[in-house]
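2 protein chains.
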Amino acid sequence: MPSPKTLEPFFTPKTIAVIGASNTVGKVGYNIFVNLKNSKVKKIFPINPKYKKVQGVKAYSSISELKTKIDMTVISIPAPFVPGALEDCMKSKVKGVVIVSAGFSEVGEKKLTKQIADLIKKYPKTRVIGPNCVGVINTNNNVDTTFFEKSRMKAPKKGNLSFISQSGALAAMIIDWVSAQEFGINKFVSYGNAMDVDEADLLEYFGQDKETKVITVYLEGARDGEKFYRVAKKVSKKKPIVVLKGGKNEQTRQAVASHTGSLAGSAKVYEAVFKQSGIIEADEILDLFNISKLLEKETLPKGNRVQIITNGGGLGLVAADQVISNDLKLSKLSKGTIKKLKKLMPKAIFENPIDLLGDSTVENYMDTINLVNKDKNVDIILVLILFNPPTIKTNNIGIWRKTRKQVSKPTIVCSFGSEFTINYMRKIEEAGFTTFKYPSLAAKALKELVEYSNYLKKN
Amino acid sequence: MPSPKTLEPFFTPKTIAVIGASNTVGKVGYNIFVNLKNSKVKKIFPINPKYKKVQGVKAYSSISELKTKIDMTVISIPAPFVPGALEDCMKSKVKGVVIVSAGFSEVGEKKLTKQIADLIKKYPKTRVIGPNCVGVINTNNNVDTTFFEKSRMKAPKKGNLSFISQSGALAAMIIDWVSAQEFGINKFVSYGNAMDVDEADLLEYFGQDKETKVITVYLEGARDGEKFYRVAKKVSKKKPIVVLKGGKNEQTRQAVASHTGSLAGSAKVYEAVFKQSGIIEADEILDLFNISKLLEKETLPKGNRVQIITNGGGLGLVAADQVISNDLKLSKLSKGTIKKLKKLMPKAIFENPIDLLGDSTVENYMDTINLVNKDKNVDIILVLILFNPPTIKTNNIGIWRKTRKQVSKPTIVCSFGSEFTINYMRKIEEAGFTTFKYPSLAAKALKELVEYSNYLKKN
Chain A
1 MPSPKTLEPF FTPKTIAVIG ASNTVGKVGY NIFVNLKNSK VKKIFPINPK
51 YKKVQGVKAY SSISELKTKI DMTVISIPAP FVPGALEDCM KSKVKGVVIV
101 SAGFSEVGEK KLTKQIADLI KKYPKTRVIG PNCVGVINTN NNVDTTFFEK
151 SRMKAPKKGN LSFISQSGAL AAMIIDWVSA QEFGINKFVS YGNAMDVDEA
201 DLLEYFGQDK ETKVITVYLE GARDGEKFYR VAKKVSKKKP IVVLKGGKNE
251 QTRQAVASHT GSLAGSAKVY EAVFKQSGII EADEILDLFN ISKLLEKETL
301 PKGNRVQIIT NGGGLGLVAA DQVISNDLKL SKLSKGTIKK LKKLMPKAIF
351 ENPIDLLGDS TVENYMDTIN LVNKDKNVDI ILVLILFNPP TIKTNNIGIW
401 RKTRKQVSKP TIVCSFGSEF TINYMRKIEE AGFTTFKYPS LAAKALKELV
451 EYSNYLKKN
Chain B
1001 MPSPKTLEPF FTPKTIAVIG ASNTVGKVGY NIFVNLKNSK VKKIFPINPK
1051 YKKVQGVKAY SSISELKTKI DMTVISIPAP FVPGALEDCM KSKVKGVVIV
1101 SAGFSEVGEK KLTKQIADLI KKYPKTRVIG PNCVGVINTN NNVDTTFFEK
1151 SRMKAPKKGN LSFISQSGAL AAMIIDWVSA QEFGINKFVS YGNAMDVDEA
1201 DLLEYFGQDK ETKVITVYLE GARDGEKFYR VAKKVSKKKP IVVLKGGKNE
1251 QTRQAVASHT GSLAGSAKVY EAVFKQSGII EADEILDLFN ISKLLEKETL
1301 PKGNRVQIIT NGGGLGLVAA DQVISNDLKL SKLSKGTIKK LKKLMPKAIF
1351 ENPIDLLGDS TVENYMDTIN LVNKDKNVDI ILVLILFNPP TIKTNNIGIW
1401 RKTRKQVSKP TIVCSFGSEF TINYMRKIEE AGFTTFKYPS LAAKALKELV
1451 EYSNYLKKN
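Here the protein sequences come in this chain order: A and B. Letter 316 of the first sequence, counting from 1, is numbered 316 in my numbering, and no numbers are missing. Letter 405 of the second sequence, counting from 1, is numbered 1405 in my numbering, and no numbers are missing.
Below is the structure:
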């Protein structure tokens, strides 16, 4: 297995060439060049024999014409021309090639697929991502090889989560969605048919990437199951890997085969592989990112004992049900903590859920969070707030920030509503807390946090 | 059991009195009067011996002073004064009384609770909602007895779904949240301690209410289990009842007792009661409204065979997994349908999921939906769209509306993303389709639709 360092040119290239860069608005080669021109990389070369200039930049007819050494080349031309262009790149010692073009194994095209496979074998120093992929995004330098228009696919914010996806279209959709969320992405790779760089290579790369804290993966089928298992087992000890497996069922597995041409494998085999290699498996897209976001922001809990704090009995009850049905436990506050809390808030109910009652204040919440954080009987704090009561003032976000700095245990704040609640929750998130809308989603993600923590203790 | 018609004065009163109406900004009695003044009911009387006028309206010192017959009175005064005020109402033959005040059985107050119980027995012609509740909202005439400020709790849009909630605070949160959703509410009742009007009475009322199509319930514990079962079994044959049960687990049941003072009953007993009485049980808040919304908008499916239509393979795969794991089946298109579709779209893949491919158009979607709708092998249509491809034009919402009118089977459109997608999806919803963000949520709600449909066939 080549060093993960060989993938560096895809993420931090100093020079980029685009084979198939175009002047025709709306074409894939047009959009790729627009997106890459907006990156921090200064030396970008369009390769297209049809043009003298592409989008105002001097064009070249082939990669061999360039005198500059190229770190990354993006290929976006019809499939039959790809092997030739790829060989040009390899002969010119390009370090990384992203083949965006489709029309290979995923449509049963064998001849062209074999030509590419042979080239990859012959020139192992050039790493290849694709074909049939959307490529790479790095939010640190805005390198972006995707071909979707920015009006329809917004760029994600910068975060500490890196996202690997076998499917390009689904990933593009997810990334656009992430751009409207309160968390960000560090790097993204869609690797398509995985003829050279596969999911295991990318796991290895992100495992040693200092900017990546959590690795989030959409996987349909691993190209090399054993390699995937080996790498995942190693990497998951350093940082969490969260995977959504597409094509889990017998019926859907047949659909996978026709989609990316990879072997989906039985759901049970994958579940076992995930479990034994320390991979956190998500049930669905929403969970995939809820779990990842939680792992990115919070420390791992020491156990599964959750203390709920609320200002509404019904809401606390619903959350308690979710805690229990997700294999978490309701913690039992120590007598010392209850005594201190009762002194501060004589009327409130200090059980689990703690009910601070409808006339409680933000200060009451902060005092409670701080004391619960110090209680050795509590591993996780789940804060629920109804924002309807006027005693919940809006002018005190500073004390949220202060409290967050004092609190060491995983702490989640949940609420949902319209404008007032949405705005307030955004401020709480900005103050450093992890927020979720519904307690059900928080509990589901917390369960995985606890399981991963247990895995690390045993392995 | 009194006729459900006796509850009519709570929803369509012609005259309203507010005992405890206040001029002090921020007080419960202030907010209630503000909200009721904004209703379409013209005759609203503040009752407060402290004031000559409340918010510019002539005040009275007691209900007996009024010459007008009062349909509904809202009581918001300290608990010790409630029995006296209630008796005044009853003697004056007020038809319905909402007791917003708290401080009764829910805090273990026995004497005042008994006084109220005795009055309810003595004057059965006056119906009582509460105490310890937020009361009633009717979006048809804007009658609204809740006491939350409108800046923090927006009014819901008008819809065909009526919502019953034991918990007032949780309901207020949910209603505020609903105001920002694309569906609406017809009527809402928070009934608190249920000393007279209980969940069964309200089920019966909404069962015969022509404006209510779906009954959505948050329940902690039924006051009279047998009555609840009997009424639910009858009503569920006429219209769907969707229930979220708070306090499902042994541990949380103890918390219920301290919250509304009602007996929560074992989760298994409730599950059995729900199943046998045709009630649809939701796992969590989000499901409660997803299922309700789906039932409000779509017809019941004849079976559980779902046809997925997508323009992205990965997305289709993830949705197919969700369909299968929610006990639904992937349908098999008939040969005739495939032949017709292939003629229109020779390159697309007509399996399940149908993959219209990344360069498909809205017209391709409409043609496919129409033909799939006619296929007798399909019961439900699940449409997934990636909005990234520029071939998906935005200027053709009219054909969505036209298609919706032609399609008879339950049809859901799923997509998620940022601005572009959100705006487009809103238009699709306005065109008449039911939309969900994630296929997982759609599949979960569809499962309940199928189960309810099966229940009706057998009962």
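We put the beta carbon where it would ideally sit given N, CA and C, even for glycine.
| Asked | Found |
| --- | --- |
| Under three-state DSSP, which class holds E149(A)? | coil |
| So is G1168(B) buried or exposed if we call it buried at 16+ other beta carbons inside 10 Å? | buried |
| Report the three-state DSSP secondary structure of F1196(B) (helix, strand or coil). | Note that residue 1196(B) corresponds to Asp in the displayed sequence, not to Phe. Here D1196(B) sits in coil by DSSP. |
| Could one say the Cβ of W1400(B) lies closer than 9 Å to chain A's Cβ atoms, at least one of them? | no |
| Nearest to V1128(B) by alpha carbon, out of D1196(B), N1035(B), E1087(B), D1321(B)? | D1196(B) |
| Just how far apart, CA to CA, sit Y1030(B) and I1047(B)? | 12 Å |
| From this set, F1228(B), K1237(B), T1015(B), N1388(B), which residue's C-alpha is nearest K1213(B)'s C-alpha? | K1237(B) |
| At the 9 Å Cβ level, is P1078(B) part of the contact set with chain A, yes or no? | no |
| Less than 6 Å between C-beta atoms, sequence neighbours within five positions excluded: which residues of the same chain meet that for A102(A)? | N132 |
| Can you list, in chain order, the residues of its chain with a C-beta nearer than 8 Å to that of I399(A)? Leave out the 5 residues immediately preceding and following it. | V362, E363, M366 |
| With DSSP collapsed to three states, give me the class of C1414(B). | strand |
| May I ask you to report which of helix, strand or coil DSSP gives R127(A)? | strand |
| Would you please verify whether the beta carbon of F188(A) is less than 9 Å from any beta carbon of chain B? | no |
| Suppose you measure from the CA of L1449(B) to the CA of V1372(B); what does that come to, to the nearest Å? | 20 Å |
| Helix, strand or coil for V18(A) per DSSP? | strand |
| So for G1159(B), helix, strand or coil by DSSP? | coil |
| Counting only beta-carbon atoms, is Y1365(B) nearer than 9 Å to chain A? | no |
| Alpha carbon to alpha carbon, what distance is there between I1397(B) and Y191(A)? | 35 Å |
| Can you list, in chain order, the stretches of the alpha helix (DSSP H) that have 4 or more residues and sit fully within the region 1014–1059 of chain B? | 1028–1037 |
| Which residues of chain A have a Cβ atom closer than 9 Å to the Cβ of R1127(B), listed in chain order? | Those within 9 Å of R1127(B) in chain A number zero; the least Cβ separation is about 23 Å. |
| Just the chain B side, please: which residues come within less than 9 Å of A462(A) by C-beta, in chain order? | Absent from the structure is residue 462(A), since the part of chain A shown begins at 1 and ends at 459. |
| Determine whether the Cβ of Q55(A) lies closer than 9 Å to any Cβ atom of chain B. | no |
| Could you check the C-alpha separation between D461(A) and N423(A) for me, to the nearest Å? | This structure does not reach residue 461(A), given that chain A is present from 1 up to 459, and the question cannot be answered. |
| Keeping to the same chain, check which residues put their C-beta closer than 7 Å to that of T1391(B); ignore five residues upstream and five downstream. | D1359, S1360, T1361 |
| Could you check whether N370(A) and T403(A) sit closer than 9 Å to each other, using their CB atoms as the reference points? | yes |
| Could you check which residue in N1388(B), A1320(B), E1429(B) has the C-alpha nearest to that of L1382(B)? | A1320(B) |
| Suppose you measure from the CA of V1413(B) to the CA of I1309(B); what does that come to, to the nearest Å? | 9 Å |
| Could you pull the start and end residues of the alpha helix (DSSP H) that S76(A) belongs to? | Careful: S76(A) lies outside any alpha helix (DSSP H) and carries neither H nor E. |
| Three-state secondary structure (DSSP) at L1330(B)? | strand |
| In whole angstroms, give me the CA-to-CA distance for K245(A) and G1303(B). | 28 Å |
| Please report the straight-line C-alpha distance between E1298(B) and G1314(B), rounded to a whole angstrom. | 27 Å |
| Whose Cβ in chain A lies nearer than 7 Å to the Cβ of K1275(B)? | Per Cβ cutoff of 7 Å: no residues; K1275(B) is ~18 Å from chain A at best. |
| Use the C-beta contact count for M1173(B): other C-beta atoms within 10 angstroms, 16 or more gives buried, fewer gives exposed. | buried |
| Return helix, strand or coil for K1210(B), following the three-state DSSP convention. | coil |
| Kindly say whether Y466(A), judged by its beta-carbon, lies nearer than 9 Å to any beta-carbon of chain B. | Because residue 466(A) is not part of the residues shown, which for chain A are 1 to 459, the question remains open. |
| I'd like the ranges of any alpha helix (DSSP H) spanning at least 4 consecutive residues and lying wholly in the region 84–145 of chain A. | 110–122 |
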